[in-house]
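Sequential numbering from 604 applies to the sequence shown in my numbering.
Note that the Cβ used here is the ideal one computed from N, Cα and C, for glycine as well.
Down below is the structure, laid out as structure tokens.
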Amino acid sequence: FKHRHLNMKAKACKAKGKHSNSSKRGVKIAAQRGAEGMEIVNPHAGGIDCGAQEHYVAVPPQSVEAGQPVVRCFSAFTEGLDALVEWLKACGITTVAIEATGVYWIALCQKLEAAGIEVFLVNARHVRHVPGRKTDVKDCQWLQRLHSFGLLSASFRPEDAICRLRSLQRHRLNLVSTAGAEIQHMQKALQQMNLHLHHVVSDITGVSGLRILDAILAGQRDASQLAKLRDHRVYKSTLGQMEAALVGDYRPEHLFVLGQSLQAYRFYQARTQECDAEIERLLQQLAQRFESSSAPGAELSLPDVLNDAPSQNPRPTKPKVKRKPQANEPKIDLADYLRRICGVDLTQVIGLNVLSVLLIVSEIGVDMSKWRSAKAFSAWLGLCPRNKISGRKVLDTRTCKV
């Protein structure tokens, strides 16, 4: 009886397993049929999987003649990009979804936009867990399919003029960062020679610091003579303290490093000034364009713009005192250009200065209609916690990585 019971139980489990497998197959088939039965939102949509050397492009089957391939591979060279655009235009494609990382998609995106084709730049994180994506061919076909059903959302990309400003601003930040690294090299060389110049002056690249460094590299070793080169406005140390700090072991190898680091610092400072001049030229063009467009709200002050914002204790805005540009700040009147571009003086907002406003404008522009609300903008910035909840249990509330 016991063996009979076990056999009956095994048969029941086997039948249950068959039923479970058949149910899974039925769900999978139903899901496939449901996907096929979805309404096509973009009938003339294409999908592109960008690579560093080649791009795979997929178009709908009805866009090509019978027997012609729906997926083609094009070179990443300019000739290949031109052929890619011409093929999409011949197929009647009006919008494409691009999945790419890095910067090698930018040239293709600019070509497509110039040809009048709408570009949907897709975040690879949003579609990387989709099953069946194993090759570049299947990848671009899956992108085309999702885009035709309207299931993809485009990543934010500002207009071309803002993109140019963004490139210059990011390049300027790199120049400033590299110049800062050269200052650290100079400080290290001084420390290895037991010269404590950076302890007796606030900035070794200031007036006093550069005078003393130039004198040291010119061969001056007398601490009293070096201390006399300091500016009268130096208050961090006394004359005696500076003389004591400039007595050290002047080794030739460290002097060589100090000289090269100082030359490199001045080189990057000169390149930063040239970049500032180019940024000023572009800001002037943007200011003239926005003023000529006479956008609504261009003549409003900041309190008028923020009049509808809910605030229980509104703070009166105070005019800021005009100050001299600090270290690493452009020596141009950024406040005037930014006010003309934005229509309001955003530096009146607590916590914002001209550099932060320039960074905001260069990254996102002034068209905030790309986001449906302030909450959506905060989520796009990655400042909102993720809502990862399962079974009424909060699993994760960390902010998203952007």
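Please identify the residue among GLY812, CYS694, SER678 and PRO761 whose C-alpha is closest to the C-alpha of VAL662.
CYS694
Please classify ASP742: is it buried, with 16 or more other beta-carbons within 10 angstroms of its beta-carbon, or exposed?
Buried, because 16 or more other Cβ atoms sit within 10 Å of the Cβ of ASP742.
LYS996 bridges to which residues according to DSSP?
SER993
With DSSP as the reference, label ARG591 as helix, strand or coil.
Because the chain is modelled from 604 through 1005, residue 591 falls outside the range shown and cannot be assessed.
Is LEU670 helix, strand or coil by DSSP?
Reading off the sequence, residue 670 comes out as Gly, not Leu. Three-state result, GLY670: coil.
Check THR781 in the structure and name its three-state DSSP category.
helix
With DSSP run on the structure shown, which of helix, strand or coil describes ILE651?
strand
DSSP beta-bridge partners for ILE701?
ILE701 is bridged to ILE651 and LEU724.
With the cut-off set at 8 angstroms, would you say LEU842 and ALA830 are in Cβ contact?
yes
Along the chain, where does the beta strand (DSSP E) that runs through TYR659 open and close?
657-661
Can the beta-carbon of ALA815 be found closer than 8 angstroms to that of ILE786?
Checking the sequence, you will find Ile at residue 815 rather than Ala. Cβ distance not < 8 angstroms, so ILE815 and ILE786 don't count as in contact.
So what does DSSP say about PHE859, is it helix, strand or coil?
helix
What does a CB cutoff of less than 6 angstroms around LEU955 pick up in its chain, not counting 5 residues either side in sequence?
For LEU955, where only same-chain residues beyond five positions count, the Cβ hits under 6 angstroms are LEU949.
Leaving out five residues before and five after ARG833 in sequence, what residues of the same chain have Cβ atoms less than 8 angstroms from its Cβ?
Closer than 8 angstroms at Cβ, skipping near neighbours: VAL804, SER811, ARG814, ILE815, LEU842 and MET845.
Quick one: grab the DSSP three-state call for SER758.
coil
In its own chain, which residues sit with a C-beta less than 7 angstroms from the C-beta of GLU721, not counting the 5 before and 5 after it?
THR697 and THR698
What are the complete alpha helix (DSSP H) segments, minimum 4 residues, inside the region 797-832?
800-803, 810-820 and 826-830
Can you check whether the CB of ALA792 is closer than 8 angstroms to the CB of GLY750?
What sits at residue 750 in the sequence shown is His, not Gly. Not in contact: HIS750 and ALA792 (Cβ atoms no closer than 8 angstroms).
Taking its Cβ as the centre, do 16 or more other Cβ atoms sit within 10 Å of GLY783, making it buried, or is it exposed?
exposed
Going by beta carbon distance, what residues of the same chain come within less than 8 angstroms of VAL688, once the five residues before and after it are set aside?
Excluding residues up to 5 positions away in sequence, LYS714, LEU715, ALA718 and ILE720 lie with their Cβ nearer than 8 angstroms to the Cβ of VAL688 in the same chain.
When burial is assigned at 16 or more other CB atoms within 10 Å of the CB, is GLU642 buried or exposed?
Exposed: under 16 other Cβ atoms inside 10 Å.
Give me the Cα-Cα distance between SER666 and ILE651, rounded to the nearest whole angstrom.
15 angstroms
Using only the alpha-carbon positions, how far apart do PRO899 and ILE765 sit?
Unreliable placement is indicated for PRO899, whose pLDDT of 46 sits below 50; the coordinate value is still reported in the next sentence. Put simply, the backbone Cα of PRO899 is about 20 angstroms away from that of ILE765.
Measuring only the C-alpha atoms, how far is ALA847 from ALA826?
7 angstroms
Quick check on PRO664: does DSSP put it in helix, strand or coil?
The DSSP-derived three-state label of PRO664 is helix.
What does the Cβ neighbour count give for GLU877, buried or exposed, with the cut at 16 atoms within 10 Å?
exposed
On the criterion of 16 or more Cβ atoms from any shown chain inside 10 Å, does ALA552 qualify as buried, or is it exposed?
Absent from the model: residue 552. The displayed extent of the chain is 604 to 1005, so no value can be given.
Using the three-state DSSP reduction, which class does THR841 fall into: helix, strand or coil?
coil
How many Å lie between LEU861 and ARG874 at the Cα?
20 angstroms
Which class does CYS676 belong to by DSSP, given the choice of helix, strand or coil?
strand
On a CA-only basis, which of LEU755, VAL673, SER972 and LEU684 is nearest GLU702? Give me that one, please.
LEU755
Compare the C-beta of ALA867 with all C-beta atoms of chain D and state if any pair is closer than 8 angstroms.
As a matter of chain content, chain D is missing from the structure shown, which is built from one protein chain.
How should ILE953 be labelled, buried or exposed, when 16 other C-beta atoms within 10 angstroms of its C-beta is the threshold for buried?
exposed
Using the Cα positions of HIS801 and GLN790, report the straight-line distance between them to the nearest angstrom.
7 angstroms
Thinking just about the alpha-carbon of each residue, which of SER972, ARG1001 and ALA979 is nearest to the one in PRO761?
Nearest Cα to PRO761 within the set SER972, ARG1001 and ALA979: SER972.
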